[in-house]
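Quick note, the working numbering runs 1 ahead of the 1-based positions in the sequence shown.
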Amino acid sequence: VTSVVALGGDTLASGCRDGSVRVWRDSGRGFECQATFAAHRGAVLRLRQVGDELVSSGADGAVVCHSLDGQLLRTERTHRGWVWALAVDGAGTIASGSEDGAMRCGEARACGPSAVRSVAFAGQRVIWGFADGSLAVCGRDMSTQQRLVGHRGAVCDIAMVGDRHLASAAEDDDVRLWDLDSGQSVA
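Right, here's the structure in full:
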């Protein structure tokens, strides 16, 4: 299992190395698989929910959207490498980034300085984390507004802390807190 997302109540979904997505429900005696569907031709790397859709990214370079019952809604084959970074905002806009440095937010595209390892929405901004340890704060049109440098390893995860702070976790065993107004690491 490579990814998991809570679907609400007693239900969750998992992404697997065999390319499948499974939906699980707590029966009172443990979680039981309710549905299994093929999502990728390779490992599912990330899994997100938006409304009644599951969005997954995979080692096959695709971003795939399914209904919660497994019906294929659409497939986007816009990446050439493993799609490690995946985020979906409340309106359904998808941001994805891959091993080849390609970044996509909706229809806007750009290329990062190295492999894209993480992404998060922050209001009208999109925050990207890279294998070289840097982060980029971009507009949704992919224009870079700010570059954050400080990690010595790939930035694996990003989380907003309030309205103006960003936490980043990296393979250098460090978690940094960034002030987005100044672009400085504050912890």
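The beta carbon of each residue, even a glycine, is placed where N, CA and C say it ideally should be.
Based on Cα-Cα distance, which residue from the options lies nearest to residue i?
i	options	result
residue 57	29, 23, 33 and 27	23
residue 81	156, 100 and 17	100
residue 159	179, 142, 144 and 141	179
residue 176	21, 136 and 140	136
residue 122	140, 109 and 116	140
residue 21	73, 186 and 120	73
residue 105	144, 91 and 75	144
residue 91	120, 76, 50 and 38	50
residue 39	69, 142, 52 and 84	69
State yes or no: is the C-beta of residue i within less than 9 Å of the C-beta of residue j?
i	j	result
residue 130	residue 188	no
residue 153	residue 138	no
residue 169	residue 150	no
residue 102	residue 117	yes
residue 31	residue 43	no
residue 18	residue 2	yes
For residue i, which beta-bridge partners are listed by DSSP?
i	result
residue 208	Look at the range of the chain in this structure, 2 to 188, and you will see that residue 208 is not part of it.
residue 25	13 and 34
residue 169	159 and 177
residue 129	120 and 137
residue 148	137
residue 92	Residue 92 is not bridged to any residue.
residue 186	179
If I follow the unbroken beta strand (DSSP E) through residue i, where does it start and stop?
i	result
residue 143	No beta strand (DSSP E) holds residue 143; DSSP gives it neither H nor E.
residue 118	117 to 123
residue 242	Any property of residue 242 remains undetermined from this structure, which presents the chain solely from 2 to 188.
residue 111	109 to 112
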